[in-house]
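Here the structure comes first, spelled out in structure tokens, and everything after it is commentary.
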Amino acid sequence: MKTLAITGPTSGIGKETVRALLPHFQRILLLARDEKKAQQLIGSFTLAEQEKLGFVACDLMRMDSVLAAADTLAQEIPHLDVLINNAGGIFDEKTITVDGFEQSLSVNHLGHMLLTLKLLPLLLRSQLKKVIQVASEAHKGASPRWDDLSYSKRNYKGFQAYANVKLYNILLAKSLVDQYGAQGLQAFSLHPGVVKTNFAAETKGIFKFFWKLAGPFMITAEQGAKTTVKLAKEKIPPAYNGAYFKKRARGLLFFPGE
Numbered sequence: 020m021k022t023l024a025i026t027g028p029t030s031g032i033g034k035e036t037v038r039a040l041l042p043h044f045q046r047i048l049l050l051a052r053d054e055k056k057a058q059q060l061i062g063s064f065t066l067a068e069q070e071k072l073g074f075v076a077c078d079l080m081r082m083d084s085v086l087a088a089a090d091t092l093a094q095e096i097p098h099l100d101v102l103i104n105n106a107g108g109i110f111d112e113k114t115i116t117v118d119g120f121e122q123s124l125s126v127n128h129l130g131h132m133l134l135t136l137k138l139l140p141l142l143l144r145s146q147l148k149k150v151i152q153v154a155s156e157a158h159k160g161a162s163p164r165w166d167d168l169s170y171s172k173r174n175y176k177g178f179q180a181y182a183n184v185k186l187y188n189i190l191l192a193k194s195l196v197d198q199y200g201a202q203g204l205q206a207f208s209l210h211p212g213v214v215k216t217n218f219a220a221e222t223k224g225i226f227k228f229f230w231k232l233a234g235p236f237m238i239t240a241e242q243g244a245k246t247t248v249k250l251a252k253e254k255i256p257p258a259y260n261g262a263y264f265k266k267r268a269r270g271l272l273f274f275p276g277e
């Protein structure tokens, strides 16, 4: 039984990823904070399709919730073929989580990293052994300070924090291949495109203004999910293990990014 788990499945790219991959997997587990939204998504499918879906509570702002989600998966499934670390967001204001981490760092990266590491035994027991990191071209604007990941020593800038964590997503995929590739693990990162979703809902001011202004030129969530879907369901040449992927401007051809 091919099994997949995905974070951030109830809206935007994540929701369309679930829809596209449901015919290709026998079991898809929805890791989300909001059970009501997850159940609404499950209810939008046919009864036969609903049998394939399950909800697992997972709040990426709380490491205890991430650990509990990993434990639940370990109890419910014998293996995990694909883990899609899809959830994310950009935040205007600095918020420190209960674990002492800056919110963007926790939601976009640390929660996913902990989840991935805890699920490695399940992944390595599976046939596909895939980890997919939804990153962003924003990583090109990263300027990380390794001694100040949570912005305790400098002024917080929402987009800069987001750019940094997207770089960390890419580096994690490469690191996973370095450490576990010999055991068959595959890990990829990707840029989904500039997608018209509620991604910038937590922002305000100039960034939100320009995000709305760019709306007519953005791609749909369904289009934005295509790279994730391709990486999850298709066989990727070994030479591309650890690669960063992005979609061509035209057509449906995919290639490793720079």
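In terms of our numbering, the sequence shown opens at residue 20 and continues consecutively.
Just so it is clear, CB atoms sit at the ideal spot from N, CA and C, and this is done for glycine as well.
From a predicted model like this one, the values you see are computed outputs, not experimental measurements.
Exercise. DSSP three-state call for asparagine 105: helix, strand or coil?
Worked result: To locate residue 105, count along the sequence shown from 1; it is residue 86. Note: asparagine 105 maps to coil in three-state DSSP.
Exercise. Just curious, the beta strand (DSSP E) that threonine 26 is in, first and last residue?
Worked result: By one-based count along the sequence shown, residue 26 stands at place 7. Its beta strand (DSSP E) spans residues 22-26.
Exercise. Can you find at least 3 beta carbon pairs, one from the region 163-177 and one from the region 191-198, that sit closer than 8 Å?
Worked result: No, the region 163-177 does not touch the region 191-198.
Exercise. From which residue to which residue does the beta strand (DSSP E) around tyrosine 263 run?
Worked result: Numbered from its first residue, the sequence shown carries residue 263 at position 244. Here the beta strand (DSSP E) through tyrosine 263 covers 263-266.
For this session: Ignoring anything shorter than 4 residues or poking outside the region 52-76, list the alpha helix (DSSP H) runs there in chain order.
Result: 54-62, 66-69
Exercise. Based on the DSSP secondary-structure assignment, which residues constitute the bridge partners of valine 150?
Worked result: The residue given as residue 150 occupies position 131 in the sequence shown. Leu102, Ala206.
Exercise. Per DSSP, which one or two residues make a beta bridge with glutamate 121?
Worked result: The residue you call residue 121 lines up with position 102 of the sequence shown. In the DSSP output, where bridge partners are listed per residue, glutamate 121 has Ile115.
Exercise. Could you give the residue range of the alpha helix (DSSP H) that holds arginine 173?
Worked result: On the sequence shown, residue 173 is found 154 positions in, with the first residue counted as 1. First-last for arginine 173: undefined, no H or E at that position.
Exercise. Under 8 Å between C-beta atoms, does asparagine 260 make it to chain C?
Worked result: Of the protein chains in this structure there is only one, and it is not chain C.
Problem set entry | Check whether valine 75 and leucine 147 have beta carbons under 8 Å apart | For the purposes of this step, residue 75 is taken as residue 56 along the sequence shown, with counting starting at 1. For the purposes of this step, residue 147 is taken as residue 128 along the sequence shown, with counting starting at 1. Not in contact: valine 75 and leucine 147 (Cβ atoms no closer than 8 Å).
Problem set entry | Nonlocal neighbours in the same chain, by C-beta distance under 8 Å from asparagine 260, ignoring five residues either side | Counting from 1 along the sequence shown, the entry for residue 260 is found at position 241. Excluding sequence neighbours, asparagine 260 sits near Val196, Gly200, Gln205, Ala206, Phe207.
Problem set entry | alpha helix (DSSP H) segment containing valine 37, residue limits | Within the sequence shown, numbered from 1, the residue matching residue 37 stands at position 18. Its alpha helix (DSSP H) spans residues 31-40.
For this session: Return yes when the Cβ of valine 184 is within less than 8 Å of the Cβ of leucine 136, no when it is not.
Result: Here the question's residue 136 lines up with position 117 in the sequence shown. Here the question's residue 184 lines up with position 165 in the sequence shown. Cβ atoms of leucine 136 and valine 184: not closer than 8 Å.
Exercise. Closest by CA to isoleucine 96, which one among Lys265, Lys113, Ala24, Ala39?
Worked result: Numbered from its first residue, the sequence shown carries residue 96 at position 77. Checking every option, the nearest Cα to that of isoleucine 96 belongs to Ala24.
For this session: Could you have a look at tryptophan 230 and say whether DSSP puts it in helix, strand or coil?
Result: In the sequence shown, residue 230 corresponds to position 211, counting from 1. Reliability of the predicted coordinates at tryptophan 230 is poor, the pLDDT of 47 falling under 50, and no value is obtained from them.
Exercise. Taking the alpha helix (DSSP H) that valine 248 falls in, what are its first and last residues?
Worked result: Locating residue 248 in the sequence shown gives position 229, counting from the first residue. First-last of the alpha helix (DSSP H) with valine 248: 245-252.
Exercise. Roughly how many angstroms lie between the CA atoms of alanine 93 and glutamate 54, to the nearest whole one?
Worked result: Along the sequence shown, read from residue 1 onward, the residue named residue 93 stands at position 74. Along the sequence shown, read from residue 1 onward, the residue named residue 54 stands at position 35. Between alanine 93 and glutamate 54, the C-alpha separation is close to 20 Å.
For this session: Express the C-alpha separation of phenylalanine 64 and arginine 144 in angstroms, rounding to a whole number.
Result: If you number the sequence shown from 1, residue 144 lands on position 125. If you number the sequence shown from 1, residue 64 lands on position 45. Looking at the two C-alpha atoms, the distance is approximately 29 Å.
Exercise. Residues bridged to isoleucine 47 by DSSP?
Worked result: Counting from one through the sequence shown, the residue named residue 47 turns up at place 28. Note: isoleucine 47 sits in a beta bridge opposite Leu23, Leu72.
Exercise. In whole angstroms, what is the alpha-carbon distance linking lysine 245 and tyrosine 187?
Worked result: Against the sequence shown, residue 245 aligns to sequence position 226. Against the sequence shown, residue 187 aligns to sequence position 168. Cα to Cα, the separation comes out at about 22 Å.
Problem set entry | Alpha carbon of lysine 266 to alpha carbon of glycine 212, nearest angstrom | As a working mapping, residue 266 is identified with position 247 in the sequence shown. As a working mapping, residue 212 is identified with position 193 in the sequence shown. Their Cα atoms are separated by approximately 7 Å.
Exercise. Under a Cβ-count criterion, where at least 16 other Cβ atoms within 10 Å of its own Cβ denotes burial, should glutamine 45 be classed as buried or exposed?
Worked result: Residue 45 sits at position 26 when you count from the first residue of the sequence shown. Exposed is the call here.
Exercise. At what residues does the alpha helix (DSSP H) containing methionine 80 begin and finish?
Worked result: Mapped onto the sequence shown, residue 80 falls at position 61. Membership of methionine 80 in any alpha helix (DSSP H) is not indicated, and neither H nor E is assigned to it by DSSP.
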